Amino acid sequence: MQYLALIYGDENGWQQLGPDDRNAVMEEYHTFSREGQEARVITGGSELDATSTATTVRVRGDETLVTDGPFAELKETLGGYFVLECDSIDEACSWAAKIPAASHGAIEVRPVNVDEGKPS
Amino acid sequence: MKYVALLTNLQEDIDRWAMMTPKEAQAVRAEEVPKWEALFGELGPTGALGAGFELDSPSTAKTVRVRGGETLVTDGPFAETKEQIGGVMELECEDLDQAIAIAARIPVVFRASVELRPVIER
Chain A
122 MQYLALIYGD ENGWQQLGPD DRNAVMEEYH TFSREGQEAR VITGGSELDA TSTATTVRVR
182 GDETLVTDGP FAELKETLGG YFVLECDSID EACSWAAKIP AASHGAIEVR PVNVDEGKPS
Chain B
397 MKYVALLTNL QEDIDRWAMM TPKEAQAVRA EEVPKWEALF GELGPTGALG AGFELDSPST
457 AKTVRVRGGE TLVTDGPFAE TKEQIGGVME LECEDLDQAI AIAARIPVVF RASVELRPVI
517 ER
């Protein structure tokens, strides 16, 4: 089964970190990533740029409405995700707990549907 | 440039789908299929579409926090919002305008939204 681990954290806190602290956090992510890849659990993922760079698109009638910023304003924001291949959601949660942001933010674990198309 | 498109659904629609019989849900899905096929058919050959993930409904989510060495797992999504992420598509685009043009054709965009975020490549 495939799961997405959506990583939520305080992006202002991240932006306020000095270069050494940022490098230390990046090193924790590299360690997690290496461990997950060696275990063949992590199969993908992306690090997202700050929500200040987000663009949200909606179409209403024939009109395309483009707004700056994320679709929802949250105190802790989505900063990226890992794609996890696990036998169960419990196993995915135990991997999620190892993601560095789990210790100050939160990781939302969601099963991936194999069927294509919407709605889901 | 790489972008991630976060596909959202209205929570009220998600609630409505959950109340449907499998047959009704199938019928709603079937209506959307041609739109998805058109999108994939047209954009597939351009190389703009990377990996995509359709997520199970937010009610199936678990949220994990670690505090003081203890792992806390709660049922449900991280946040209760009017729109909820229902899928993720990775895009390879020339620029934001191209990403917006693609987003404007993703079927969820007509009722909910598509959030585009640049990907940081290290």
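Line order of the protein sequences matches chains A and B.
The letter at position 94 of the first sequence is residue 215 when you use this note's numbering, and the numbering goes up by one with no holes.
The letter at position 119 of the second sequence is residue 515 when you use this note's numbering, and the numbering goes up by one with no holes.
Cβ atoms here follow ideal geometry from the backbone N, Cα and C, with glycine treated the same way.
No experiment lies behind these values; they were computed from the predicted model shown.
For Ser167/A, the enclosing beta strand (DSSP E) stretches over residues 163-168. In the structure shown, Leu195/A adopts coil according to DSSP, grouped into three states. Scanning chain B for C-beta atoms nearer than 7 Å to the C-beta of Thr174/A yields Arg513, Pro514, reported in chain order. Residue pairing by DSSP places Leu127/A opposite Tyr202/A, Glu229/A in a beta bridge.
Under the three-state reduction of DSSP, Met485/B is assigned to strand. The three-state reading of DSSP puts Phe474/B in coil, since its state is none of H, G, I, E or B.
Within the segment 140-160 of chain A, no residue places its CB atom closer than 7 Å to a CB of chain B.
At a C-beta separation below 8 Å, Thr417/B has no neighbours in chain A, since its nearest C-beta there lies roughly 14 Å away.
Within chain A, the C-beta atoms nearer than 9 Å to that of Glu486/B come from Gly165, Ser167, in chain order. Under the Cβ distance rule, Thr442/B does not count among the residues neighbouring chain A, no pair being separated by less than 8 Å.
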